[in-house]
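Trainee: Below you'll find the structure I mean.
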Amino acid sequence: MAEKNQAPVVAFFDVDGTLTCRDFNDGLHVVPTQGVQDAIRAFADAGNVAVLCSGRSILNVVDLRHLPFAGYVTLAGTHVVLNDEVVYDRTIGRDTLRRTVEEMRRAGVEALFEGTYGNVMVRCGLNSMPYCDDVADIEDYERAGGRMDFGKIDFTDDCLEACLASDYLMSTYVHFDVADGNHELAIPGTSKGVGGQALLDALPFTPSRVFAFGDSENDLEILKLADVAVVMGNAHDSVKAQADYVTDDVRNDGVVTALRHFALI
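Laid out in structure tokens, this is it:
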């Protein structure tokens, strides 16, 4: 807990696999336990700064907007908001986007393109992401005048082999295994660490300490940025190897365990 006259602690919290378990979620909705929600409130009530740090877009964390997050590092670090002000934003270039969609059609990669203003699907008849059934096809979205600004691409194990076999996709993006059969393609030069640094640079103070909570490959850069890297018990061993502290499994409210361990709540 922040002491009087001491600068606040800043903590970056991943969502899937950290604040909540995919088993608890309803499709793209986020459902942390009450214990985790209460812990985030207690951390902020103590004068600290809670930051959501997710591969999800801001559109897919609406279930968490009632919690006292002062900042949002979303789309795996490509869109960063602090106190409702955008402080960093990167999107896939239009020509790269067009070529990516063409290559996915050719290779048979079905994917969700996530953006701050809208999400779209490239479908190949696989139905590999049934929880995205209500997400518009990219062509329909563009015809309707949707903003073609996307920061990250998601796909599943069903398309992993096809994606890895595509020279264009593997040379144009950075691939992350984000656990539970899910994968991401990220814009080179972007990461949760880059987005997290942009948020820290925008703060009007220097934090007394920076914590980061995560569980998968796309959390590695924000874990390296932090003074204290907290890794979930459900994480891969390669991620745990970067931890200063390994907490309980997400199913056992590991975030709460760690915040108590470090006397932050």
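This note's numbering puts the first residue of the sequence shown at 51, with every later residue one more than the last.
The C-beta atom is built at its ideal place from N, Cα and C for all residues, glycine as well.
My assumption, with CB atoms under 8 Å, is that residue 276 sits in contact with residue 260. Please give the rounded CB distance.
Mentor: Rounded, the Cβ-Cβ distance is 5 Å, consistent with contact.
Trainee: Comparing alpha-carbon positions, which option in 252, 128, 247 lies nearest residue 262?
Mentor: Of 252, 128, 247, the residue nearest in Cα terms is 247.
Trainee: Taking residue 213 as part of the beta strand (DSSP E), name the residues at either end of that continuous run.
Mentor: Note, residue 213: premise wrong, no beta strand (DSSP E); alpha helix (DSSP H) at 210 to 214.
Trainee: What first and last residue would you give for the beta strand (DSSP E) that runs through residue 234?
Mentor: Here the beta strand (DSSP E) through residue 234 covers 232 to 236.
Trainee: Flag this pair as touching only if the segment 140 to 147 and the segment 169 to 187 have three or more C-beta atom pairs under 8 Å; answer yes or no.
Mentor: Contact between the segment 140 to 147 and the segment 169 to 187 is absent, because fewer than three Cβ pairs lie under 8 Å.
Trainee: Does the Cβ-Cβ distance between residue 257 and residue 60 come in under 9 Å?
Mentor: Yes, the Cβ-Cβ distance between residue 257 and residue 60 is below 9 Å.
Trainee: In chain order, which continuous runs of the alpha helix (DSSP H) of length 4 or greater are located wholly inside the segment 63 to 137?
Mentor: 84 to 95, all fully within the segment 63 to 137.
Trainee: Label residue 268 either buried or exposed according to how many other C-beta atoms from any shown protein chain fall within 10 Å of its C-beta, with 16 as the threshold for buried.
Mentor: Classification of residue 268: buried, given that the 10 Å Cβ count is 16 or more.
Trainee: By the three-class DSSP mapping on this structure, what secondary structure does residue 198 have?
Mentor: Looking at residue 198 - three-state DSSP - the assignment turns out to be coil, as it is neither helix nor strand.
Trainee: Counting only the same chain and skipping the five closest in sequence on each side, list residues whose C-beta sits under 8 Å from that of residue 173.
Mentor: Cβ neighbours of residue 173 beyond the five flanking positions: 160, 187.
Trainee: Leaving out the 5 sequence neighbours to the left and right, which residues in its chain are closer than 7 Å to residue 93 when beta-carbon positions are compared?
Mentor: Within the same chain, residue 93 has close Cβ partners 61, 100, 309, 314, 315.
Trainee: Who are the near neighbours of residue 249 in its chain, counting only those whose CB is closer than 7 Å to its CB and skipping five residues on each side?
Mentor: Counting only Cβ-Cβ distances below 7 Å, and skipping sequence neighbours, we find 101, 121, 123, 130, 132, 137.
Trainee: Which same chain residues, not among the five before or five after residue 210, have their C-beta less than 7 Å away from its C-beta?
Mentor: Excluding residues within five positions, the ones whose Cβ falls inside 7 Å are 233.
Trainee: Rounded C-beta distance between residue 68 and residue 264? I'm assuming under 8 Å.
Mentor: Confirmed, about 6 Å.
Trainee: Based on Cα-Cα distance, which residue from 156, 157, 151 lies nearest to residue 171?
Mentor: Ranking 156, 157, 151 by Cα distance to residue 171 puts 151 first.
Trainee: What does the alpha-carbon distance come out to for the pair residue 299 and residue 134?
Mentor: Their Cα atoms are separated by approximately 32 Å.
Trainee: What are the boundary residues of the beta strand (DSSP E) that residue 179 is part of?
Mentor: Run containing residue 179: none; DSSP gives neither H nor E here.
Trainee: Who are the near neighbours of residue 241 in its chain, counting only those whose CB is closer than 6 Å to its CB and skipping five residues on each side?
Mentor: Same-chain partners within the cutoff: 127, 271.
Trainee: Excluding sequence positions up to five away, which residues of its chain have a Cβ less than 7 Å from the Cβ of residue 318?
Mentor: The requested residue 318 is not part of the displayed model; the chain covers only 51 to 315.
Trainee: Quick check on the burial criterion: 16 or more other C-beta atoms within 10 angstroms. Buried or exposed for residue 98?
Mentor: Answer is buried; the Cβ neighbour count reaches 16.
Trainee: Could you name the residues of the same chain whose beta carbon sits closer than 7 Å to that of residue 303, not counting the 5 residues immediately before and after it, in chain order?
Mentor: Excluding sequence neighbours, residue 303 sits near 83, 85, 86.
Trainee: Starting from residue 171, trace the beta strand (DSSP E) in both directions and tell me its first and last residue.
Mentor: Segment 170 to 172, the beta strand (DSSP E) holding residue 171.
Trainee: If we count the other Cβ atoms within 10 Å of its Cβ and call it buried at 16 or more, is residue 194 buried or exposed?
Mentor: With fewer than 16 Cβ atoms within 10 Å of its Cβ, residue 194 is classed as exposed.
Trainee: For the beta strand (DSSP E) that residue 318 lies in, which residues bound it at each end?
Mentor: The question about residue 318 has no answer here: the residues shown for the chain are numbered 51 through 315.
Trainee: Output the boundary residues of the alpha helix (DSSP H) element that contains residue 270.
Mentor: Unbroken alpha helix (DSSP H) run through residue 270: 270 to 275.
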